[in-house]
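Asks: Numbering-wise, our numbering puts 248 at position 160 of the sequence shown, and it's gapless, one number per residue. Starting off with a structure, shown below.
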Amino acid sequence: MLLIFFIFGICLGSFTTVLITRIPIGEDFVFSRSRCPSCTKKLGATELIPLLSWVMLKAKCKNCKTKISSFYPLSELIVGFLAIFAFFLESNLILAMLLALIFAIFYALGAIDFRLKAVPNYLLMSGYFLAVLYASITQINNILDSFIIIGIMVILKSTLMLRPRHQILEPMGEADSIFIASMVAILGLEWGFIALFLGALVQLFIHISIKDKTIAFIPALFGGFIVAASLKNFTNINLGLI
Numbered sequence: 089m090l091l092i093f094f095i096f097g098i099c100l101g102s103f104t105t106v107l108i109t110r111i112p113i114g115e116d117f118v119f120s121r122s123r124c125p126s127c128t129k130k131l132g133a134t135e136l137i138p139l140l141s142w143v144m145l146k147a148k149c150k151n152c153k154t155k156i157s158s159f160y161p162l163s164e165l166i167v168g169f170l171a172i173f174a175f176f177l178e179s180n181l182i183l184a185m186l187l188a189l190i191f192a193i194f195y196a197l198g199a200i201d202f203r204l205k206a207v208p209n210y211l212l213m214s215g216y217f218l219a220v221l222y223a224s225i226t227q228i229n230n231i232l233d234s235f236i237i238i239g240i241m242v243i244l245k246s247t248l249m250l251r252p253r254h255q256i257l258e259p260m261g262e263a264d265s266i267f268i269a270s271m272v273a274i275l276g277l278e279w280g281f282i283a284l285f286l287g288a289l290v291q292l293f294i295h296i297s298i299k300d301k302t303i304a305f306i307p308a309l310f311g312g313f314i315v316a317a318s319l320k321n322f323t324n325i326n327l328g329l330i
């Protein structure tokens, strides 16, 4: 079953790389055929096999011999392992597949945010609605908690915007708020805050290291989410007193 989930994950990862590479340039990712970014030749079926095609082609385009970026198989591997992670988190196979899909969207959002410092709203909301769907089946109280998080973020941002412009820091963006609400829908309020705290620590470390005021936050949040989900499900930590 692990192998099946891994295969499912790398196939999902193949589509995820399409989202990551095409969305930033505004290219259609549903109906447009995959093609070599160098010579624009449309790829055949044997050139689209996740992981294997990259190895068999020796990381080069079959037509123009241009080197194929290692980003493609790396992303497929990452989503493949995320699918295995979802399998261990959720005993129900259908819910595990749903969770793997959510993880793939989270990864795509993190990669796009890293590149653009922004994310497409339709992909962000797709991740949120799937997280709410997951919560409605597993822990319905998490849905209300996610709504509360969104409300808190809106109030916080509105309050900050009331202050004179020269006195405020840039408030958290709407995309970050929705992503945090998605984490809470899956993990619950306590572990969602731990994921946020861990992500903020990573963000602070990166900010201090490179001193860039426009660092993407979603990749750090996704990292915090993975760690928090691991701690919640694979340790005996009890947050009942928090």
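Note that CB positions come from ideal geometry on N, CA and C, so glycine has one too.
Assuming residue 97 and residue 188 make a contact with CB atoms under 8 Å, what is their CB distance in whole Å?
Replies: 6 Å
Asks: Just tell me which of 320, 183, 158 and 263 has its CA closest to the CA of residue 206.
Replies: 263
Asks: Compare the C-alpha of residue 130 against each of 143, 240 and 152 and name the closest.
Replies: 152
Asks: Have a look at 292, 297, 276 and 306 and flag the residue whose alpha-carbon is nearest the alpha-carbon of residue 316.
Replies: 276
Asks: For residue 234, which residues from the same chain have a beta carbon less than 6 Å from its beta carbon, with the 5 sequence-adjacent residues on both sides left out?
Replies: Around residue 234: 269, 272 and 273.
Asks: Using 8 Å for Cβ pairs, my map puts residue 147 next to residue 137. What's the rounded Cβ distance?
Replies: 14 Å between Cβ atoms; not a contact.
Asks: Leaving out five residues on either side along the sequence, give the residues of the same chain with a beta carbon under 6 Å from the beta carbon of residue 124.
Replies: 149
Asks: With H, G and I counted as helix, E and B as strand and the rest as coil, what does DSSP make of residue 155?
Replies: strand
Asks: Where are the alpha helix (DSSP H) runs, 4 residues long or more, that stay fully inside the stretch 99 to 137, in chain order?
Replies: None, since the stretch 99 to 137 contains no complete alpha helix (DSSP H) of that length.
Asks: If we ignore side chains and look at the alpha-carbon of each, how far apart do residue 258 and residue 303 end up?
Replies: Reliability fails at residue 258, whose pLDDT of 45 lies under 50, so the model's placement of it is uncertain and the value that follows must be treated cautiously. Using only the alpha carbons, I get a separation of about 12 Å.
Asks: For residue 312 and residue 321, I'd like the C-alpha separation in whole angstroms.
Replies: Each residue's alpha carbon lies about 14 Å from the other.
Asks: With DSSP as the reference, label residue 320 as helix, strand or coil.
Replies: helix
Asks: Have a look at 288, 89 and 108 and flag the residue whose alpha-carbon is nearest the alpha-carbon of residue 211.
Replies: 108
Asks: Note down the Cα distance separating residue 121 from residue 192, rounded to an integer number of angstroms.
Replies: Rounded to whole angstroms, residue 121 to residue 192 spans 21 Å at the Cα level.
Asks: Once the 5 residues before and after residue 175 are set aside, which same chain residues still bring their CB inside 6 Å of it?
Replies: Taken in chain order, the residues that qualify are 93 and 184.
Asks: Compute the Euclidean distance between the alpha carbons of residue 126 and residue 294, then round it to the nearest angstrom.
Replies: 33 Å
Asks: If we ignore side chains and look at the alpha-carbon of each, how far apart do residue 91 and residue 172 end up?
Replies: Each residue's alpha carbon lies about 9 Å from the other.
Asks: For residue 148, which residues does DSSP report across the bridge?
Replies: Partner(s): 155.
Asks: Measure the Cβ-Cβ separation of residue 104 and residue 223 and say whether it is below 7 Å.
Replies: no
Asks: What would DSSP say about residue 307, mapped onto helix, strand or coil?
Replies: helix
Asks: Alpha helix (DSSP H) containing residue 139: first to last residue?
Replies: Run containing residue 139: none; DSSP gives neither H nor E here.
Asks: Could you give the C-beta distance for residue 287 and residue 308, rounded to a whole number, given that I count them as a contact under 8 Å?
Replies: 4 Å
Asks: Classify residue 135: buried if its beta carbon has 16 or more other beta carbons within 10 angstroms, exposed otherwise.
Replies: buried
Asks: Look at the Cβ atom of residue 111, then the Cβ atom of residue 208, and state whether they are nearer than 7 Å.
Replies: yes
Asks: Considering only C-alpha positions, which residue in the set 178, 141, 132 and 180 is nearest to residue 162?
Replies: 141
Asks: Would you mind listing the alpha helix (DSSP H) stretches within the stretch 171 to 212 that are 4+ residues and don't spill past its ends, in chain order?
Replies: 181 to 204
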